[in-house]
Amino acid sequence: MGINDLHDDDDAGKTLGLIRAMGREAEFFAGDISDSAQVGAMFAAFLERFGRIDILVNNPYGGTGEPFLELSEENWDQNLDVGLKGFFLCSQQAARAMVAQGGGGAIVSTSSVHGRRAWKNDTAYGAAKAGVLRLTESMAVDLGEHGIRCNAIMPGYMDTDHVFNEPPPALGILGDRHRDIVPLRRPGTPEDIGRAVVFLCSPAAGCITGASLPVDGGLLAASAAE
518 MGINDLHDDD
528 DAGKTLGLIR
538 AMGREAEFFA
548 GDISDSAQVG
558 AMFAAFLERF
568 GRIDILVNNP
578 YGGTGEPFLE
588 LSEENWDQNL
598 DVGLKGFFLC
608 SQQAARAMVA
618 QGGGGAIVST
628 SSVHGRRAWK
638 NDTAYGAAKA
648 GVLRLTESMA
658 VDLGEHGIRC
668 NAIMPGYMDT
678 DHVFNEPPPA
688 LGILGDRHRD
698 IVPLRRPGTP
708 EDIGRAVVFL
718 CSPAAGCITG
728 ASLPVDGGLL
738 AASAAE
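So my numbering is basically just the index in the sequence shown, starting at one, shifted up by 517.
1. Is glycine 664 helix, strand or coil when you go by DSSP?
2. Does the beta-carbon distance from valine 625 to cysteine 718 come in below 8 Å?
3. What are the start and end residues of each continuous alpha helix (DSSP H) run of 4 or more residues lying completely inside the stretch 585 to 669, in chain order?
4. Return helix, strand or coil for methionine 675, following the three-state DSSP convention.
5. With DSSP run on the structure shown, which of helix, strand or coil describes serine 553?
6. Below 8 Å between beta carbons: does that hold for glutamine 618 and arginine 569?
7. Tell me whether glutamate 565 sits in a helix, a strand or coil according to DSSP, three-state version.
8. Using the rule of at least 16 other Cβ atoms within 10 Å of the residue's Cβ for burial, across every protein chain shown, is aspartate 598 buried or exposed?
9. Under 8 Å: do the stretch 550 to 570 and the stretch 585 to 592 share three or more Cβ pairs, one atom per stretch?
10. Can you give the beta carbon distance from arginine 633 to leucine 730, rounded, assuming they're within the 8 Å contact cut?
11. Could you tell me whether the stretch 546 to 557 touches the stretch 600 to 614, using the rule of 3 or more Cβ pairs below 8 Å?
12. Between the alpha carbons of asparagine 575 and arginine 696, how many angstroms are there, rounded?
13. Taking the CB atoms as reference points, tell me whether isoleucine 670 and valine 732 lie closer together than 8 Å.
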């Protein structure tokens, strides 16, 4: 298994440790996924180390929310370069390798409920996440003949700091502002995301491609009913 980030920091080390503790081989590959040369070098290094690629999970996070009238070009570029262009570059490299080696594969991309609904201050982030959903559908159509399945997940409110922009009230608890709009009355967890990704990569989802799976506690369903 390979993991990527801009830098080999403490979080990367912890992730490698968790994977290796399960008895799996894992390596870190540094690189800016918005740079095609770095992405190409990263995939070449991965293939040299592991020999083939069967699964790609696109899960970067870039940019912050700003009101539309104050949205900077820098923020727009950061959101789209990392949050959409990076998905395209990594998916293309992975798909080329999968086609060359034969046997199909699975690509899962992390979008967001922001890809389906608009919230205040999410112009750049929402545009990137909506683009991921459309990219996923196009990839599914183009790559299906090669046995490559392409799907996306759409997380809602999660037990992670960057979603709340501050530590959540407590693990497993939504603040008052969010509780009434999430039918399950709890935030999602990294485990919820992991299980959804594992499902979409597994034979259990063997006839599923071009789909976008909400992992949002019912948030999108509730907003559609309003």
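Every residue, glycine too, gets a C-beta built ideally from N, C-alpha and C.
In brief:
1. Note: glycine 664 maps to coil in three-state DSSP.
2. Yes.
3. DSSP runs (the alpha helix (DSSP H)) wholly in the stretch 585 to 669: 590 to 597, 603 to 618, 640 to 660.
4. DSSP places methionine 675 within a strand segment (E or B) once states are collapsed to three.
5. Collapsing the DSSP output to three states places serine 553 in a helix.
6. Against a cut-off of 8 Å, the Cβ pair of arginine 569 and glutamine 618 comes out as a contact.
7. Note: glutamate 565 maps to helix in three-state DSSP.
8. Burial call: buried.
9. Contact between the stretch 550 to 570 and the stretch 585 to 592 is absent, because fewer than three Cβ pairs lie under 8 Å.
10. About 12 Å separates the two Cβ atoms, so there is no contact after all.
11. Under the Cβ criterion (8 Å, minimum of three pairs), the stretch 546 to 557 counts as touching the stretch 600 to 614.
12. Approximately 29 Å, taken between the alpha carbons.
13. With contacts defined as CB atoms closer than 8 Å, isoleucine 670 and valine 732 qualify as a contacting pair.
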